[in-house]
Amino acid sequence: DTAVSQTPKYLVTQMGNDKSIKCEQNLGHDTMYWYKQDSKKFLKIMFSYNNKELIINETVPNRFSPKSPDKAHLNLHINSLELGDSAVYFCASSQDFAGKSTGELFFGEGSRLTVL
Amino acid sequence: AQKVTQAQTEISVVEKEDVTLDCVYETRDTTYYLFWYKQPPSGELVFLIRRNSFDEQNEISGRYSWNFQKSTSSFNFTITASQVVDSAVYFCALSEAWRNTPLVFGKGTRLSVIA
Numbered sequence: 003d004t005a006v007s008q009t010p011k012y013l014v015t016q017m018g019n020d021k022s023i024k025c026e027q028n029l030g031h032d033t034m035y036w037y038k039q040d041s042k043k044f045l046k047i048m049f050s051y052n053n054k055e056l057i058i059n060e061t062v063p064n065r066f067s068p069k070s071p072d073k074a075h076l077n078l079h080i081n082s083l084e085l086g087d088s089a090v091y092f093c094a095s096s097q098d099f100a101g102k103s104t105g106e107l108f109f110g111e112g113s114r115l116t117v118l
Numbered sequence: 457a458q459k460v461t462q463a464q465t466e467i468s469v470v471e472k473e474d475v476t477l478d479c480v481y482e483t484r485d486t487t488y489y490l491f492w493y494k495q496p497p498s499g500e501l502v503f504l505i506r507r508n509s510f511d512e513q514n515e516i517s518g519r520y521s522w523n524f525q526k527s528t529s530s531f532n533f534t535i536t537a538s539q540v541v542d543s544a545v546y547f548c549a550l551s552e553a554w555r556n557t558p559l560v561f562g563k564g565t566r567l568s569v570i571a
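Line by line, the protein sequences are chains Y and D.
The numbering of the first sequence is this note's numbering, which starts it at 3 and goes up by one.
The numbering of the second sequence is this note's numbering, which starts it at 457 and goes up by one.
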């Protein structure tokens, strides 16, 4: 069984469209994340949820809206897609111990978004 | 704020050479974790090692070894007798445990091993 799974793996869409990427983890972890990897391979945190609550929201346009229906799922919805949104989006999860994280992240395989 | 610097953007070596990837970090916390991840051409992120700030022992795992030195805030990664399959982008990362901050990555070093 895949520990952290994302769908779709590839997504090609037109500017202005709205799209979603889904993420599920079966590790029983409390915290989930979305990272964006740009064309230069730079990995940057976008959001973090702990037990369905948003705890980190970096300077991301509000066209990006994460949704966590339960602690095993963290979906990413993007409105009005722009060319600059083209990237690989990685979902990850981690287990926190008494609120202090060891920091180890388990990553999904990534979702490559191409905006035309 | 936490920061990770990987000064080497790209490295090319010939197979069987040894190669060291540098990582320098900044943090105000006394308790933190350092990581290395590998991203092969297939794109997934593969966990290699985690080291906590209280453990400065060097670690060896097969052809991989890691040198953690708090005095210089460095956590360098050496591949001995490199192989073509080692070709990948390697990321160093830092997490400040007590602030519960997410993993912050360096910009990565692209390693190309030529046969």
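A virtual CB, placed ideally from N, CA and C, is assigned to each residue, including glycine.
As the structure is a computational prediction, the values presented were derived from the model and not from experiment.
Item: Inter-residue Cα distance where the pair is residue 468(D) and residue 561(D); Value: 22 angstroms
Item: Same chain, Cβ closer than 6 angstroms to residue 24(Y), neighbours up to 5 away in sequence not counted; Value: 9 and 77
Item: Residue 541(D) in three-state terms, based on DSSP; Value: helix
Item: Per-residue contacts from residue 44(Y) into chain D (C-beta, under 7 angstroms); Value: 563
Item: Secondary structure of residue 118(Y), DSSP reduced to three states; Value: coil
Item: Element boundaries [beta strand (DSSP E), containing residue 2(Y)]; Value: Chain Y is shown only over 3 to 118; residue 2(Y) falls outside these bounds and no answer can be derived.
Item: Residue 96(Y): first and last residue of the uninterrupted beta strand (DSSP E) it sits in; Value: 89–96
Item: For residue 553(D), three-class secondary structure by DSSP; Value: helix
Item: Buried or exposed (CB count within 10 angstroms, at least 16 for buried), residue 27(Y); Value: buried
Item: Distance between residue 502(D) and residue 544(D) (C-alpha atoms, nearest Å); Value: 10 angstroms
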